[in-house]
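Have a look at the structure below before the remarks.
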Amino acid sequence: KCHNELVRLKGNIRVIARVRPVTKEDGEGPEATNAVTFDADDDSIIHLLHKGKPVSFELDKVFSPQASQQDVFQEVQALITSCIDGFNVCIFAYGQTGAGKTYTMEGTPENPGINQRALQLLFSEVQEKASDWEYTITVSAAEIYNEVLRDLLGKEPQEKLEIRLCPDGSGQLYVPGLTEFQVQSVDDINKVFEFGHTNRTTEFTNLNEHSSRSHALLIVTVRGMDCSTGLRTTGKLNLVDLAGSERVGKSGAEGSRLREAQHINKSLSALGDVIAALRSRQGHVPFRNSKLTYLLQDSLSGDSKTLMVVQVSPVEKNTSETLYSLKFAERVR
Ligand code: ADP
Ligand code: MG
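Quick note on the working numbering: the sequence shown kicks off at 39 and runs consecutively.
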């Protein structure tokens, strides 16, 4: 209870940055020069050197390349466990392709990211809660590509899914036909993740390229019931690996590439608009402007909690995109 109160005091929307390390792929020439620096005594400040000009941003927290998966997870733990108490939570990884979104969310087998750690934590928390409460945890996985929502765990991943308002008047949204698997162990989730992966790999010859142009969502639902009173709670954790935020050159792109870029652009700015509107407590929040914000409406509004992880490439050749990402971060913060 206590840590949830803390999160609430900090506000329901938090924006952090994570800077990935320089990798071999960045090369060794001047292009790979590190353009990002940090403040020794303030871990909410990030400095960027863009075309010789220093720019600084203040976010809720900044993780340097030395930060481990565990360090980042520590920052989001309280959000994740609040789902057990019935809160809805969204965690987004935003940034240009190659900035580390998938590393932060999925991670590697040796070094799993938020997705797997979150499920593991939920399993152990509900087990420890030895009381009258019983919990079930289910997962769904979906992607949004060109404003089309698809089930990554379904038997027919080609099928388009629709978002509907629950007929019970609760204001909750649901997706008829979206597959939900009940999970109880790390083994279960590994199987589910593998299945989702195979679904995506068989369908796209270049999965890497495809995933950088679609939003990937892992939706974890925690349902609790107090066996003595029948009281029920539902909390939803939405873990979102967003499409790459890089702006496609207006002149270069055409045909399907241009269409993809327009869809990504539209949905990322819709997400920015929604968060900015929620943040400034504007009356009208434009949830309906994209599939992503419409789908997540009930996990973004009310007393829901949102964390945006803005992923940053440290190298000089990416500073234009980095500047754009940090401006996005500043806008939603
Ligand atoms: P994105 O999903 O944003 O396109 P990736 O997560 O695929 O980016 O990261 C690009 C590359 O950088 C990958 O090889 C990934 O393993 C590596 N990488 C990203 N972040 C880190 C990190 N914090 N530590 C080590 N390697 C990282
Ligand atoms: Mg990725």
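Virtual Cβ for every residue (Gly too), placed ideally from N, Cα, C.
None of these values were measured; they are calculated from a predicted model.
- request: Taking only the alpha-carbon atoms, compute the straight-line gap between Gln349 and Phe95 and give it to the nearest angstrom.
  value: The residue you call residue 349 lines up with position 311 of the sequence shown. The residue you call residue 95 lines up with position 57 of the sequence shown. When rounded, the separation of the alpha-carbon atoms in Gln349 and Phe95 is 14 angstroms.
message: Taking 7 angstroms as the cut-off, is the beta-carbon of Thr146 closer than that to any non-hydrogen atom of the ligand MG?
response: Mapped onto the sequence shown, residue 146 falls at position 108. Checking the Cβ of Thr146 against the ligand MG gives no.
query: Can we count Lys229 as close to the ligand ADP, meaning its CB is less than 7 angstroms from some heavy atom?
result: What you label residue 229 is simply residue 191 of the sequence shown in a count that begins at 1. No, since every heavy atom of the ligand ADP falls outside the 7 angstroms radius drawn around the Cβ of Lys229.
query: Taking the Cβ atom as the reference point for each residue, do Thr176 and Gly192 lie within a distance shorter than 8 angstroms?
result: Residue 176 sits at position 138 when you count from the first residue of the sequence shown. Residue 192 sits at position 154 when you count from the first residue of the sequence shown. Not in contact: Thr176 and Gly192 (Cβ atoms no closer than 8 angstroms).
query: From Glu197, Gln222, Asp264, pick the residue whose C-alpha is nearest to that of Trp171; which is it?
result: Here residue 171 refers to the residue found at position 133 of the sequence shown. Looking from the CA of Trp171, the closest CA among Glu197, Gln222, Asp264 belongs to Asp264.
- request: List in chain order the residues whose CB is within less than 7 angstroms of at least one heavy atom of the ligand MG.
  value: Cβ-based neighbours of the ligand MG within the cut-off: Thr135, Lys139, Thr140, Ser249, Ser250, Asp279.
- request: Report all residues from its chain with a CB closer than 7 angstroms to the CB of Asn126; omit the five preceding and five following residues, and keep chain order.
  value: Taking the sequence shown and counting its residues from 1, the one referred to as residue 126 is at position 88. Gly273, Lys274, Asp336, Ser337, Ser342.
message: What does the Cβ neighbour count give for Lys229, buried or exposed, with the cut at 16 atoms within 10 Å?
response: For this step, residue 229 is matched to residue 191 along the sequence shown. Taking all protein chains in view, the Cβ of Lys229 is surrounded by fewer than 16 other Cβ atoms within 10 Å, so the residue is classified as exposed.
Burial state of Cys204, where buried means 16 or more other Cβ atoms lie within 10 Å: On the sequence shown, position 166 is the one that residue 204 refers to. By the 16-neighbour rule on beta-carbons within 10 angstroms, Cys204 is exposed.
- prompt: Does DSSP put Arg52 in a helix, a strand or coil?
  reply: The sequence position of residue 52 within the sequence shown is 14, counting from 1. The DSSP-derived three-state label of Arg52 is strand.
task: Measure the Cβ-Cβ separation of Gln134 and Ser363 and say whether it is below 8 angstroms.
output: The residue you call residue 134 lines up with position 96 of the sequence shown. The residue you call residue 363 lines up with position 325 of the sequence shown. Against a cut-off of 8 angstroms, the Cβ pair of Ser363 and Gln134 comes out as a contact.
query: Buried or exposed: Arg58, going by 16 or more other Cβ atoms within 10 Å of its Cβ?
result: For this step, residue 58 is matched to residue 20 along the sequence shown. By the neighbour-count rule (16 or more Cβ atoms within 10 Å), Arg58 is buried.
query: Where does His248 sit, in a helix, a strand or coil, going by DSSP?
result: Along the sequence shown, one-based indexing puts residue 248 at 210. DSSP places His248 within a helical segment (H, G or I) once states are collapsed to three.
Residues near Asn42 in its chain [Cβ-Cβ closer than 6 angstroms; skip 5 each side]: Residue numbering aside, residue 42 sits at position 4 when the sequence shown is read from its first letter. The predicted model places Asn42 with a pLDDT of 48, which falls under 50 and marks its position as unreliable, so this point remains unresolved.
- request: Could you say if the segment 177 to 190 and the segment 312 to 325 meet the contact criterion of at least three C-beta pairs nearer than 8 angstroms?
  value: Output reads no: the segment 312 to 325 does not touch the segment 177 to 190.
task: Could you pull out every residue in the same chain whose Cβ sits closer than 7 angstroms to the Cβ of Glu163, ignoring the five residues on either side in sequence?
output: Translated into positions along the sequence shown, residue 163 becomes position 125. Same-chain partners within the cutoff: Thr119, Ile122.
task: Would you check if there are 3 or more beta carbon pairs closer than 8 angstroms linking the segment 103 to 111 to the segment 142 to 150?
output: By the Cβ rule, the segment 103 to 111 counts as touching the segment 142 to 150, because three or more pairs are nearer than 8 angstroms.
Within the segment 155 to 227, ranges of the beta strand (DSSP E) (whole runs, at least 3 residues): Segments of the beta strand (DSSP E) lying fully in the segment 155 to 227: 171 to 183, 186 to 189.
- prompt: For Ala73 versus Glu354, is the C-beta spacing smaller than 8 angstroms?
  reply: Looking up residue 73 in the sequence shown gives position 35. Looking up residue 354 in the sequence shown gives position 316. Yes.
- prompt: DSSP three-state call for Pro92: helix, strand or coil?
  reply: Mapped onto the sequence shown, residue 92 falls at position 54. Strand.
Counted within 10 angstroms of its Cβ, other Cβ atoms place Arg326 as buried (16 or more) or exposed: Residue 326 sits at position 288 when you count from the first residue of the sequence shown. Exposed, by the Cβ-count rule.
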